[in-house]
Each structure stands twice: as structure tokens, then as C-alpha cells.
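What follows is a single structure, written as C-alpha cells, with notes after it.
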Amino acid sequence: MLAASCEPSHGRPLFGPAGGEAASAAPEPTDFEVPPPPFTEGAFPCSDCHDPEIEVNTTRRSMRAAHQEIVLRHDEGNRWCLDCHSAEDRDRLHLAGGEKIEFSESYRLCGQCHGDKYRDWRAGVHGRRTGSWDGKKRYLQCVHCHNAHSPHFEPIQPLPPPARPEEIGR
Amino acid sequence: MSGSVLSRREFLCALAGCAAAAAGACSDFTHTPFFRERFKELSGEDVARILADLEREHTAAYGKDVHVGAEPARAGVEFGYALDISRCVGCRRCVYACVDENNQSRDPQVHWIRVLEMEKERGIDFAGANAYYDAEAVPRPGHFYLPVACQQCENPSCVKSCPVGATWKEPDGIVVIDYDWCIGCRCCMSACPYGARHFNWSDPLIPSDELNPEMHYLGNRPRPKGVVEKCTFCIQRVRKGLYPACVEVCPVGARKFGDLRDPSSEVRYILENKRVFVLKNELNTRPRFFYFYGL
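Residue numbers (the numbering used here), protein chains in the order written: chain A, 1 to 170; chain B, 171 to 465.
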């Protein structure tokens with residue numbers, strides 16, 4: 001059973017005013033540049049290994065022959081590889097409605113469940129933007145910061161604390 | 171000259187006994203920091219000469235090509251900042267990016283940004299906040315983080331407290347300091363309710379290889395001993411259209427910056443769609459630095 005929060009939006013357009021009032025407040029992502037997704041070295045194109053001629057085993061199972069390094073911590077009770085990776089076109093992803101998309105558009109896939117984050121991301125409020133506040137911007141995709149298979153942001157080491165007043169000028 | 175008030179320059183010029191001498195000879199020393207007019211009253215020519223002097227001075231002192239600009243505020247722009255405290259992890263990347271960008275003294279240490287660690291259970295509690303936390307990894311369980319720097323108030327108490335007018339609010343909302351006009355009395359530091367102003371107790375030390383050579387007169391040029399300094403929203407960057415250094419470095423994208431008068435800016439979206447608050451609202455300082463919950 002699918003988690004209630006992940007109800008897919010069957011066939012409804014993911015872009016534009018159809019997303020609701022708040023979505024129309026967010027400007028369209030036109031004047032910013034999104035860098036290509038960060039692939040693991042040698043992982044893409046997938047069809048290098050996943051020969052399109054071979055029939056795909058669509059049974060949900062754990063990986064033994066390859067991809068053992070991938071630990072799914074992303075609603076793992078309810079989903080597995082082929083919920084996001086297309087079984088028909090191994091080099092692409094697919095949305096819940098069946099539409100196949102490129103890896104460079106993976107934010108649309110994320111946006112199916114995380115609509116509020118998607119809306120904020122398009123408005124420039126979720127995620128990091130660099131460049132100009134009044135012009136060209138560079139924006140990161142979801143997968144630049146979140147591992148798609150384990151998206152929780154990992155804790156990081158802080159830089160050193162400031163000197164205490166009594167330590168300054170000694 | 172009858173009926174007009176003697177300007178500072180004319181007065182000092184007369185004192186020096188060169189009133190009768192050619193005006194050109196006089197201005198040779200009246201543009202030096204001690205004799206010149208206040209920054210806002212300087213002619214374009216005088217500003218250019220002061221900037222050239224500063225460039226020469228810093229280039230010689232640090233052994234690298236320095237550019238000191240004085241880009242004015244852009245008409246119709248008012249800067250605002252928003253920080254998502256539901257995302258900040260307290261990693262202090264912003265603190266050190268700010269030090270590098272703004273040529274803060276490494277010794278004695280000056281940090282314009284202070285990240286406060288607070289307990290989730292107690293909520294925002296300045297008295298119980300810890301700025302000196304150290305950990306293997308952040309965020310520490312049960313804690314949240316609140317970075318504080320200059321709030322660029324619309325009604326700034328620091329400006330009111332300055333006895334010599336060395337600090338003022340620019341048309342784009344940035345509160346600036348003329349380091350050559352500051353007398354180091356530190357009234358502004360006691361007036362600021364956010365602890366955002368810092369004093370140079372001794373000559374600042376900035377390693378030459380770490381000096382940022384792109385400078386602004388009212389921003390990141392190296393400060394002399396005995397003056398006050400603070401965050402300027404990276405005036406040398408934002409007046410050229412760039413994001414401040416802390417916005418660019420933040421690994422979680424918690425820092426947002428833009429033009430409050432532009433309805434399509436990120437800060438406006440936040441003000442219109444998120445739960446926003448300012449620090450010490452009851453003091454009526456009206457900060458242009460907003461905190462919000464992005465979640």
C-alpha cells in the first residue's frame with residue numbers, strides 16, 4: 001500500500017497554475033541554470049549493463065549481483081528500484097503516471113511526493129542558489145544535496161568555534 | 171563667502187594658513203583621512219582620489235593588486251535577507267566564508283556572524299544559547315541553530331547613537347560605517363541589541379594570500395585599529411548583483427537574499443508564504459533580516 005503522503009498525481013500536469021494557488025505564486029524556472037545530475041562514475045548510461053534485449057525481472061527483490069552498495073532508506077517499505085527507474089527504457093526514469101523523463105529532470109519525479117519542497121525549490125527558497133540576486137542563477141537539483149536512495153541530509157562536521165573573549169588578544 | 175558657513179575643509183585649510191595659497195595646493199592634504207569632508211559630502215573627484223590612495227596603500231601593504239570601489243546604491247532597490255532556521259545545521263561555513271570575503275582580522279579574531287546553538291525544548295532563548303559549541307557532527311540531536319549578524323535595521327539604534335555620524339543607512343537599506351570617520355567610541359556597539367558590531371582592539375592581521383582584493387570603501391577594505399566594523403550584506407558583491415558570500419556557501423541553502431521591492435524575489439516569496447519573524451521585534455528596530463521556518 002502506498003503511503004498517503006505519496007499519492008501520485010495521476011496524469012495531472014506538474015507544472016504551471018494547475019498545481020494550485022501557491023504554485024502560481026512561484027515564478028517559472030526560466031532564468032536559471034541547473035547543472036547535470038551527479039552520476040556515480042561509470043554508472044551511466046545504464047543500458048551499458050542493462051541490455052535492452054534482456055527481459056526485465058520486475059519482481060521486487062534485494063540486489064545480489066550488482067548495486068549492493070545502494071541502501072534504500074527512502075520509504076523503503078513501500079518502494080523499490082522500478083518505482084522510479086523505468087523498466088522499459090533503462091536510461092530514463094518514469095513518473096507515477098508512466099511518463100518517461102531524463103535523469104536531468106529528476107526533480108519532477110521528486111516533486112510527485114514532495115510537492116511543497118518542489119514548489120519552494122522552483123521559487124528559489126528550498127535549496128542553494130548561487131550567482132546573481134538580480135539575474136542569472138545557478139541552481140542545484142534535489143539529487144545534488146540529497147542521495148535519492150537515502151535522502152536524509154547527513155550531519156556534517158562544523159568549523160571551529162569562535163575564540164572566547166578571554167582568549168582574544170592574549 | 172558672506173552668509174555661508176565655512177566647510178570643514180575650508181576651516182582646516184584656513185587653520186593651516188593656506189587660505190591665501192592656491193586652492194589646488196590646499197586640497198593636496200585636505201583629502202587625507204584627517205582633513206577631508208564626510209564621505210557622503212565628498213565630490214566624485216575626491217572619492218576617486220581617496221580610493222586611489224587606498225588602493226596604493228593596500229597594494230603596497232599586502233603585495234597584491236587591490237581594487238577599492240565605492241559603487242553607490244542602486245535606485246529602487248532595498249535589500250532583505252531571510253534565514254531558514256528549520257534548515258540551518260550550525261556548520262559555521264558562513265562564518266568563515268564571511269571572514270575570507272570581508273577581510274576580517276584573523277588575529278585578534280573578528281567574526282561578523284555568530285551561530286547560536288539552542289535547545290529545541292526551550293525554543294529561542296538567548297540567555298541559554300551557546301556560541302562555542304563544538305561537535306563531531308552537527309546538527310546535534312535536540313538542538314537548533316540561529317546565526318546572528320547585523321540585522322540591517324530600518325530603524326537602527328547604532329546609527330542614532332553615533333556621535334560623529336560615521337555610520338548611516340544607505341538608500342538600499344545597508345547600514346554602513348566610514349572607517350576613516352569612526353572615532354572608536356563604541357557607542358554603537360552598546361546601542362546594538364544584536365551584538366552585531368565588532369571593535370578592532372589592535373591592528374588587524376590578514377595574511378596576504380588570504381586577502382580579498384575586491385573591496386568596497388564602505389565594506390571589506392582592511393580596517394584600521396580602533397574602529398568598529400560589521401556585516402554589510404557583502405556590499406562589494408550585492409551592489410554588483412551578486413549574492414552575499416554566506417548565501418553562496420551555505421550547504422543546506424538556508425540563506426536567502428534579494429530585493430524586497432521586487433515581487434518576484436526569493437525574499438518576497440518567503441515573506442508572503444512562510445512563517446517569518448525578526449529578532450527582538452519589541453525594540454522597534456525593524457530588521458531587514460528575517461528568520462523563517464521553511465518546513
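Glycine residues also receive a C-beta, built at the ideal position from the N, C-alpha and C atoms. All values derive from a computational prediction rather than experimental measurement.
Residue i at chain B interface by Cβ criterion, 8 Å
| i | result |
| --- | --- |
| arginine 73/A | no |
| alanine 163/A | yes |
| tryptophan 133/A | yes |
| glutamine 141/A | no |
| alanine 148/A | no |
| valine 125/A | yes |
| proline 158/A | yes |
| proline 37/A | no |
| proline 155/A | yes |
| aspartate 120/A | yes |
| arginine 128/A | yes |
| isoleucine 168/A | yes |
Residue-chain proximity (residue i, chain A), Cβ-Cβ < 8 Å
| i | result |
| --- | --- |
| alanine 366/B | no |
| aspartate 342/B | no |
| alanine 305/B | yes |
| alanine 319/B | no |
| valine 408/B | yes |
| alanine 301/B | yes |
| asparagine 451/B | no |
| glutamate 436/B | yes |
| glycine 389/B | no |
| leucine 412/B | yes |
| valine 446/B | no |
| proline 309/B | yes |
| valine 397/B | no |
| isoleucine 440/B | yes |
| aspartate 270/B | no |
Bounding residues of the alpha helix (DSSP H) (the contiguous stretch that carries residue i)
| i | result |
| --- | --- |
| tyrosine 266/B | 263-271 |
| isoleucine 405/B | 405-408 |
| leucine 109/A | 106-113 |
| alanine 231/B | 214-232 |
| valine 422/B | Neither: valine 422/B is in no alpha helix (DSSP H) and is coded neither H nor E. |
| alanine 361/B | 357-361 |
| valine 345/B | First-last for valine 345/B: 345-347, but that is the beta strand (DSSP E), not the alpha helix (DSSP H). |
| histidine 144/A | 142-145 |
| lysine 339/B | It is not in any alpha helix (DSSP H) - lysine 339/B instead sits in the beta strand (DSSP E) that spans 337-339. |
Of the listed residues the options, nearest to residue i (C-alpha basis)
| i | options | result |
| --- | --- | --- |
| histidine 74/A | Cys84/A, Gln68/A, Ala66/A, His67/A | Cys84/A |
| tryptophan 383/B | Ala231/B, Phe205/B, Asp235/B, Leu185/B | In the sequence under discussion, the amino acid at residue 383/B is proline, which differs from the tryptophan named in the question. Measuring from the Cα of proline 383/B, the nearest candidate turns out to be Asp235/B. |
| arginine 208/B | Arg178/B, Ala222/B, Lys444/B, Leu221/B | Arg178/B |
| histidine 228/B | Pro377/B, Asn443/B, Cys404/B | Pro377/B |
| lysine 400/B | Arg367/B, Leu176/B, Tyr413/B, Met385/B | Arg367/B |
| alanine 297/B | Val422/B, Tyr303/B, Met288/B | Met288/B |
| glycine 293/B | Tyr387/B, Gly312/B, Val217/B, Val280/B | Gly312/B |
| leucine 412/B | Cys49/A, Ser132/A, Val125/A, Pro165/A | Ser132/A |
| arginine 445/B | His281/B, Arg438/B, Phe462/B, Glu452/B | Phe462/B |
| isoleucine 336/B | Asn451/B, Val398/B, Cys268/B | The identity of residue 336/B in the sequence shown is alanine, whereas the question assumes isoleucine. Among Asn451/B, Val398/B, Cys268/B, the Cα nearest to that of alanine 336/B is on Val398/B. |
| proline 237/B | His386/B, Arg431/B, Arg407/B | Just to set this straight, residue 237/B is histidine in the shown sequence, not proline. Comparing Cα positions, the closest option is His386/B. |
| arginine 458/B | Leu375/B, Tyr364/B, Val217/B, Ile347/B | Tyr364/B |
| cysteine 258/B | Glu76/A, Phe153/A, His146/A, Glu167/A | Phe153/A |
| serine 275/B | Arg431/B, Leu375/B, Lys450/B | Leu375/B |
| asparagine 147/A | Leu159/A, Trp121/A, Leu72/A | Leu72/A |
| proline 317/B | Gln406/B, Asp254/B, Phe369/B | Asp254/B |
Rounded straight-line distance, which links the Cα of residue j to that of residue i
| i | j | result |
| --- | --- | --- |
| arginine 119/A | glycine 389/B | 35 Å |
| arginine 138/A | proline 35/A | 8 Å |
| isoleucine 353/B | glycine 464/B | 42 Å |
| leucine 176/B | valine 265/B | 45 Å |
| valine 285/B | alanine 415/B | 16 Å |
| cysteine 420/B | threonine 40/A | 24 Å |
| lysine 330/B | leucine 453/B | 14 Å |
| cysteine 113/A | proline 394/B | 54 Å |
| proline 52/A | glycine 42/A | 18 Å |
| isoleucine 193/A | glutamine 141/A | Outside the modelled stretch of chain A, which goes from 1 to 170, sits residue 193/A, for which no answer is possible. |
| alanine 123/A | tyrosine 439/B | 7 Å |
| leucine 449/B | arginine 226/B | 41 Å |
| arginine 456/B | lysine 290/B | 26 Å |
| phenylalanine 460/B | proline 151/A | 28 Å |
Residue i, enclosing beta strand (DSSP E) - first and last residue
| i | result |
| --- | --- |
| glutamate 69/A | From DSSP, glutamate 69/A is part of no beta strand (DSSP E); its letter is neither H nor E. |
| leucine 82/A | Element bounds for leucine 82/A: n/a, residue is neither H nor E. |
| arginine 425/B | 425-429 |
| tyrosine 413/B | Unbroken run through tyrosine 413/B: none, as it is neither H nor E. |
| tyrosine 303/B | It is not in any beta strand (DSSP E) - tyrosine 303/B carries neither H nor E in the DSSP assignment. |
| tyrosine 387/B | Tyrosine 387/B -> no beta strand (DSSP E), and no H or E assigned at all. |
| leucine 381/B | Per DSSP, leucine 381/B belongs to no beta strand (DSSP E) and is neither H nor E. |
Inter-residue CB distance, residue i and residue j (contact presumed, cutoff 8 Å)
| i | j | result |
| --- | --- | --- |
| alanine 307/B | glutamine 157/A | 6 Å |
| glutamate 241/B | arginine 409/B | 4 Å |
| arginine 108/A | tryptophan 80/A | With a Cβ gap of about 20 Å, arginine 108/A and tryptophan 80/A do not count as contacting. |
| proline 161/A | tyrosine 315/B | About 12 Å; that fails the 8 Å criterion. |
| proline 333/B | valine 345/B | Incorrect: roughly 16 Å between the Cβ atoms, too far for contact. |
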